Amino acid sequence: MSRSLARLVVLVAGVLSLAGCSALPGTGPIEADVLSSQDKPGHNPLGFRIVPLTPATVSVLESEQLPSLSTLDATAPALGANGTIGPGDELSISVFEVGSGLFASGNSAAGARTRSSSAPDTPASNVTMLPPIGVDQHGDIPFPYIGNLHAAGMTESELGKAIASHLAGLAQDPQVLVHILTDLHNSVIVSGDIHHPGRQFLTLAHEGLLDIVAMAGGATHSTEDSIVLLSRKGVTGRVPLRTLENDPTQNIPLMPGDQVQVIYLPRTYTVFGAAHVTETPFNTPVLTLAQAAARIGGPDDARADPNAVFLFRFESNPVAGKLGLSPRPGGVPIIYKLDMMEPTAYFLAGKVAMKDKDLIYVANAKTDRLYKLVNLIGTLVSPAMSAAWVAK
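Residue numbers for the sequence shown, in mature numbering (1 follows the signal peptide of the UniProt record, and there is no 0): -23 to -1, 1 to 369.
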């Protein structure tokens, strides 16, 4: 190598050294930067905590209980409540009377007259079917000779007895049969990513949340990526459809007026740092941290520090409490650290379930910037070396 070329190499190396390796491009901090930022208020405004992924930590994560709809279940309907009458319903009412009744006009058009063949002296009975009667917004119905009668909250049998009681002084031995023609009150609305959205009717079988989803044709997408929202009296609860299928306690009975919405919400996790992939869908009911790392091809051999793989997550307050951290509104920011140079880490990673919107960061190796510096020097000096070789 000529003296001038040697001077050029020294000059380039010196300038780059003065600029520092920090001037070189990078994909993120190294392990030491992440660990030290925890105790620097200026670098940690969220107050995140770094928790090593140990067997004890994994045991806490495995014991996590998913949020339930039990708060909505506290106001579940009583037995038989789905058979009650309510505003918007349309009723069919038939009145049975003995002899020349209150509703009979003396001709066949007024009602059907029947006489017992085995008892010829038994008075004829009349059956009068009234036109359909609607229940108004206050829960009342208009009834001939009685006026307005409050029907909301009654069953068909209870309303029939109430009408007969009011007619007792006007008709001879009246008996009343009530049948709900249009049962708008005992219904729920199902919408969203469902095959048959619309109104679904509740029966005395007390259909649960999963039953209504099935009656509406089921979700249009995979159950793993479908969320069910239940709105009741201004309060909304949510549960993954897959959880609803596997946990009977979540299949709470529905109430008239409930609103059910099925939402397609594909789960993904994001990857930063020295890795090959940036964002990946779950595409499986349960995805572990080990599987998530494998899907991105693992840490990059040329750039990554396998001692420093981090999982970023806002953890629920119950889990954070078991880890010895103080609860916060909206959850506690936690960074789980995994050392993939330890064989035990692979067993632990296989037991940690990923959550929607988790973030994995693979730290750069300490020598990554030095490696880039050497490559940059080689790129700058290579043309001069080639020219010197040709000039010989």
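We put the CB at the ideal spot given by N, CA and C, even for glycine. As the structure is a prediction and not an experimental result, all values here were calculated from the model.
query: Helix, strand or coil at His198 according to DSSP, with G and I counted as helix; result: coil
query: Gln42 in three-state terms, based on DSSP; result: coil
query: Distance between beta carbons of Val205 and Val212, contact taken as under 8 Å; result: Not quite, the Cβ-Cβ distance comes to about 15 Å (not below 8 Å), so this is no contact.
query: Asp10: first and last residue of the uninterrupted alpha helix (DSSP H) it sits in; result: 8 to 14
query: Rounded straight-line distance, which links the Cα of Arg290 to that of Ile311; result: 6 Å
query: Closest by C-alpha distance to His115, when choosing among Pro64, Lys138, His156; result: Pro64
query: Gly88 - DSSP class collapsed to helix/strand/coil; result: Bear in mind that a pLDDT of 48 at Gly88, under 50, signals an unreliable position, so the number given afterwards is only what the model happens to contain. Coil, per DSSP.
query: Burial state of Arg346 (16 or more Cβ within 10 Å); result: Any reading at Arg346 must be qualified, since the residue scores a pLDDT of 48, below 50, and its modelled position is unreliable; the value itself is stated next. Under this definition Arg346 is a buried residue.
query: Arg219 vs Thr200 beta-carbon contact at 9 Å; result: yes
query: Segments assigned alpha helix (DSSP H), at least 4 residues, entirely inside the region 253 to 304; result: 266 to 272, 294 to 299
query: Cutoff 6 Å; reference Lys328; Cβ partners in own chain excluding five residues on either side; result: Val35
query: Contact the region 148 to 157 vs the region 165 to 175: 3+ CB pairs below 8 Å; result: no
query: Span separating the alpha-carbon of Ala141 from that of Phe73; result: 9 Å
query: Gly301, buried or exposed, once every other Cβ within 10 Å from all chains shown has been counted against 16; result: exposed
query: Simplified DSSP assignment, three categories, for Asp117; result: strand
query: Spatial distance of Ala87 from Phe120 (CA atoms); result: Caution applies to Ala87, whose pLDDT of 44 falls short of 50 and renders its modelled position unreliable; the value that the coordinates give is listed next. One C-alpha to the other measures close to 17 Å.
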